[in-house]
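Encoded as structure tokens, the structure appears first; notes follow it.
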Amino acid sequence: MPLLTDALIATLRADTPGCAGPCVHFNHAGASLSSRQTLTAITAHLELEARVGPMEAAVMAADGVARARTAAATVLNATPEEIAFATGGSAAWGTAIASLPPLRPGDRVLVARQEWGGNLTTLRDKAARAGAGVEVIPSLEDGRVDADALAGLIDDRVRLVSLTWGAANGGLVNDAAAVGRVARAAGIPYVIDAAQVVGQIPVDVKALGCDMLKAPGRKHLRGPRGTALLYVRREFLDKVTPAWLDVQSSPWADHLGADHGPVSPRDDARRLESSEASVALLLGLGNALEQALALGIDHIRARIHHLAQGLRARLDALPGVTVRDIGDPETRSGLVSFTVEGLAGSAVRARLADQGLTLGANGVPYTPLDMTARGLTEIARASLSYLTTEAELDRLAEAVAALRI
Ligand SMILES: Cc1ncc(COP(=O)(O)O)c(C=O)c1O
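Position in the sequence shown counted from 1, then plus 2, gives you this note's numbering.
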């Protein structure tokens, strides 16, 4: 695998239309910039659909979609049979959660402080309808989930542990494997939201000990919007009952003759897919996945980590600017969160956008438990890619410094 030298980064940037301007993109945690090859994979298939018919084009592209599934499995150290595709991170997560056995009165669901707002709403709603409860696992001093405290919470009423692995409001990355050891030892279903991890940090679902894990294609994998990966551990499949079935998730021939009893869904993760999907987007995702694998996610990780630490140091040196990243500095992601005295995060974002710098800003609803625990209402969010350059970091730091003048 090639090292990410300056020369290679320059080539990769030249192959990325979004690197040619007009803006400098610091919102890879929202959605990254696709390569020209990924765009071509999408548009070429759309043209094929227009020429020969979408159903016919899908047959011609079946191998390409299978390759995408294999690449997704390789990225996660899973098998292709353990991968379902979905249309977005929340859709993948919601599909996974809806497939679990129903909660009962008194049941407990455990989450960490970084749980994504949408996940939390889903879990609270599901728990409230069942007379169950959602509880927050205590945190270590640095904000990461405390796996030992989790072990102390386990009893026979705990039905699910849900972990947002990488925070959406900063660089914190939880020790998902430590949580996995506790959940697995207790035999409790363990679901990971890896939206802010997959594509920028190596992932090994076996080492994590999770039952299901999801990530969207559009963030650190640089795939298209409208795509996501959902991993379902092979041995967990019998606990996964799709909320609904179709001709793909439960082909009719499988249960012809069955006497009105429950039908058996497919014997792989695709029991959570529907037959209708954008083949063009899946081919684009496949290209993005193969590109990430060719570069080596460990190399991607090393470069992003170095860049992010450099940006934190630059911002730390600025008066009136506070870097808000917590967690273990060694495991932080490329998501750099900060506040500027006297300016709301959204104002920071708007002022920098005026200068052609594209950042994110996160309020309480996206990471409610953590923002509330830390007394934060809004943070500005500069999220990096391996495509980011030192010169771009300098430009961002200068622009942030100028905000207070
Ligand atoms: C940690 C995390 N979970 C979930 C989501 C929502 O995913 P999606 O917008 O693909 O539904 C996001 C989006 O930023 C996220 O950062």
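Note that the Cβ used here is the ideal one computed from N, Cα and C, for glycine as well. All of these numbers come straight from a predicted model, not from anything done at the bench.
Would you kindly work out how many angstroms separate the C-alpha atoms of residue i and residue j, rounded to a whole number?
{"i": "A179", "j": "N121", "result": "20 Å"}
{"i": "A294", "j": "N79", "result": "14 Å"}
{"i": "D8", "j": "G173", "result": "24 Å"}
{"i": "P367", "j": "W118", "result": "8 Å"}
{"i": "E83", "j": "L398", "result": "43 Å"}
{"i": "A185", "j": "Y192", "result": "6 Å"}
{"i": "D331", "j": "Q250", "result": "One detail in the question is off: residue 331 reads as Pro in this sequence, not Asp. Near 45 Å, if we compare the C-alpha coordinates of Q250 and P331."}
{"i": "V402", "j": "R314", "result": "12 Å"}
{"i": "L291", "j": "A70", "result": "7 Å"}
{"i": "G365", "j": "M373", "result": "8 Å"}
{"i": "G298", "j": "L5", "result": "9 Å"}
{"i": "A12", "j": "V111", "result": "47 Å"}
{"i": "I194", "j": "D213", "result": "8 Å"}
{"i": "T166", "j": "P204", "result": "16 Å"}
{"i": "D356", "j": "D396", "result": "17 Å"}
{"i": "P56", "j": "S252", "result": "23 Å"}
{"i": "D318", "j": "A245", "result": "48 Å"}
{"i": "G329", "j": "S387", "result": "20 Å"}
{"i": "A93", "j": "A197", "result": "12 Å"}
Output needed for residue i: all residues of its chain with C-beta closer than 6 Å, excluding positions within five of it in sequence on either side, in chain order.
{"i": "S276", "result": "D248"}
{"i": "L283", "result": "P226, G228 and T229"}
{"i": "V67", "result": "L284"}
{"i": "A74", "result": "I85, L231 and L291"}
{"i": "T243", "result": "S101"}
{"i": "L354", "result": "L361 and A401"}
{"i": "T333", "result": "V175"}
{"i": "I190", "result": "V160 and V163"}
Are residue i and residue j touching if we call contact CB-CB under 8 Å?
{"i": "V342", "j": "V325", "result": "no"}
{"i": "P107", "j": "A132", "result": "yes"}
{"i": "T390", "j": "L274", "result": "no"}
{"i": "L35", "j": "R235", "result": "no"}
{"i": "L359", "j": "C25", "result": "yes"}
{"i": "S141", "j": "D148", "result": "yes"}
{"i": "L105", "j": "R161", "result": "yes"}
{"i": "P218", "j": "G91", "result": "yes"}
{"i": "A22", "j": "S385", "result": "no"}
{"i": "I146", "j": "N176", "result": "Note on residue identity: the sequence assigns Arg, not Ile, to residue 146. Cβ distance < 8 Å, so R146 and N176 count as in contact."}
{"i": "A346", "j": "F87", "result": "no"}
{"i": "G168", "j": "V199", "result": "yes"}
{"i": "V113", "j": "V138", "result": "yes"}
{"i": "A481", "j": "F340", "result": "Because the chain is modelled from 3 through 407, residue 481 falls outside the range shown and cannot be assessed."}
{"i": "H47", "j": "V281", "result": "yes"}
Check for me: the alpha helix (DSSP H) holding residue i runs from which residue to which?
{"i": "E292", "result": "V281 to L297"}
{"i": "L153", "result": "Going by the sequence as given, residue 153 is Ala instead of Leu. Counting along the chain, the alpha helix (DSSP H) containing A153 begins and ends at A149 to L155."}
{"i": "N121", "result": "G119 to A132"}
{"i": "G91", "result": "G91 to A100"}
{"i": "V181", "result": "A178 to A188"}
Within its chain, find whatever has a CB closer than 7 Å to the CB of residue i; leave out the 5 residues flanking it on each side and keep chain order.
{"i": "Q202", "result": "H222, I302, R303, I306, S335 and G336"}
{"i": "P370", "result": "G119 and L122"}
{"i": "T124", "result": "G96 and I99"}
Quick one: what's got a C-beta closer than 8 Å to residue i's C-beta in the same chain, skipping five residues either side?
{"i": "L50", "result": "A59, M62 and A63"}
{"i": "A393", "result": "none"}
{"i": "R38", "result": "D17, T18 and P19"}
{"i": "G410", "result": "As shown, the chain starts at 3 and ends at 407. That puts residue 410 outside it, with no answer to give."}
{"i": "D157", "result": "R110"}
Span of the beta strand (DSSP E) holding residue i?
{"i": "G362", "result": "G362 to G365"}
{"i": "E392", "result": "Element bounds for E392: not the beta strand (DSSP E) but the alpha helix (DSSP H), E392 to A404."}
{"i": "T166", "result": "V160 to T166"}
{"i": "D372", "result": "Where D372 is concerned, there is no enclosing beta strand (DSSP E), although the alpha helix (DSSP H) it sits in stretches over P370 to A375."}
{"i": "R110", "result": "R110 to V113"}
{"i": "V199", "result": "No beta strand (DSSP E) holds V199; DSSP gives it neither H nor E."}
Report the residue ranges of all alpha helix (DSSP H) runs contained in full by the stretch 3 to 67; include only those spanning at least 4 residues, in chain order. The stretch 3 to 67 contains these whole alpha helix (DSSP H) runs: 8 to 16, 38 to 54 and 56 to 62.
Enumerate, from N- to C-terminal direction, the unbroken beta strand (DSSP E) stretches of 3 or more residues contained entirely within the stretch 289 to 353. Segments of the beta strand (DSSP E) lying fully in the stretch 289 to 353: 323 to 325 and 337 to 342.
Inside the stretch 201 to 250 only - beta strand (DSSP E) runs reaching at least 3 residues: Runs of the beta strand (DSSP E) inside the stretch 201 to 250: 214 to 218 and 230 to 234.
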